[in-house]
Amino acid sequence: MADLEELYREIILDHYRSPRNRGELDSPPAHRVEGFNPLCGDEVVVSMMVEDGKLADLKIAGSGCSISQSSASLMSAAVKGKPVGEVRRLISTFKGMMSIHEASLEGDGHPESNGTNGAEVVAGEPEEIDLDKLGELAALQGVVKFPVRIKCATLSWNALAQGLDEVAAQAS
Ligand code: ZN
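First residue of the sequence shown? That's 217 in the working numbering, and the numbers climb one at a time after it.
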């Protein structure tokens with residue numbers, strides 16, 4: 217497992233140092249959503265173009281910790297060009313990966329400070345999370361060992377979900 221953790225760390229660092237799809241699209245016509253995580257001071261700006269039921273383009277701007285920025289970069293690489301329905305499923309899969317662990321951490325108090333070997337985080341009852349489908353995004357699952365960082369990881373995803381909702385509302 218050490219090798220896997222090392223790989224995950226490298227993926228996160230790679231996306232932090234060389235963020236994908238960096239910048240902003242002209243808005244309009246692009247739709248723009250800002251997200252802010254006051255717990256950590258992370259900011260993210262997601263601008264997106266939805267065309268013909270697809271997330272035709274998106275760009276990420278903002279600044280913050282390595283988790284928030286690498287998560288936004290990983291997200292952009294995973295969803296760009298995909299049909300909106302597929303993007304929504306990926307958002308819920310990703311948030312499921314985060315929230316399952318969040319729930320299991322709430323269950324046992326202080327996993328990092330009670331002296332037990334807290335290396336293993338075991339989810340109570342697994343809803344189906346298909347890690348294969350997540351690809352590189354699986355690298356972020358290690359974040360759940362640090363509950364305060366979960367909001368860093370989900371910041372850009374929440375902004376994207378909000379943006380898709382707003383675009384859908386405008387279109388109807
Ligand atoms: Zn952060």
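A virtual CB, placed ideally from N, CA and C, is assigned to each residue, including glycine. In this text the structure is predicted, and so the values were computed from the model without any measurement.
7 Å Cβ shell around aspartate 324 - same chain, five flanking residues per side excluded: Caution is warranted here: a pLDDT of 45 is assigned to aspartate 324, below 50, making its placement in the model unreliable, and the coordinate value is therefore given only provisionally. If you ignore the 5 residues before and after aspartate 324, its C-beta comes within less than 7 Å of no other C-beta in its own chain.
On the premise that valine 262 lies in contact with glycine 379, defined as a C-beta separation below 8 Å, what is that separation, rounded to the nearest angstrom? Yes, glycine 379 and valine 262 are in contact; Cβ-Cβ is about 6 Å, under 8 Å.
Quick check: alanine 277 and leucine 371, are their CB atoms within less than 9 Å of each other? For alanine 277 and leucine 371, no; Cβs fall outside 9 Å.
Here's the rule I'm using: 16 or more other beta-carbon atoms within 10 Å means buried, otherwise exposed. How should leucine 271 be labelled? Buried is the label assigned to leucine 271, since at least 16 other Cβ atoms lie within 10 Å of its Cβ.
Neighbourhood of glycine 269 by C-beta, 7 Å cutoff - its chain only, sequence neighbours within 5 removed: Pro299, Val300, listed in sequence order.
For tryptophan 373 versus methionine 291, is the C-beta spacing smaller than 9 Å? The answer is yes: Cβ separation under 9 Å.
My output table needs one value for lysine 296: the three-state DSSP class, helix, strand or coil. DSSP places lysine 296 in coil when its eight states are reduced to three.
Report the start-end ranges of each beta strand (DSSP E) in the segment 225 to 303 that is 3 residues or longer and not cut off at the edges. Qualifying beta strand (DSSP E) stretches, in chain order: 247 to 253, 258 to 267, 270 to 279.
Applying the criterion that 16 or more other CB atoms from any shown protein chain within 10 Å of the CB defines a buried residue, is lysine 349 buried or exposed? Around the beta-carbon of lysine 349, fewer than 16 other beta-carbon atoms lie within 10 Å, marking it exposed.
Taking only heavy atoms of the ligand ZN into account, decide whether any of them is closer than 8 Å to the Cβ of serine 372. Judged by the Cβ position, serine 372 fails to qualify as a neighbour of the ligand ZN at the 8 Å threshold, every heavy atom of the ligand being at least this far.
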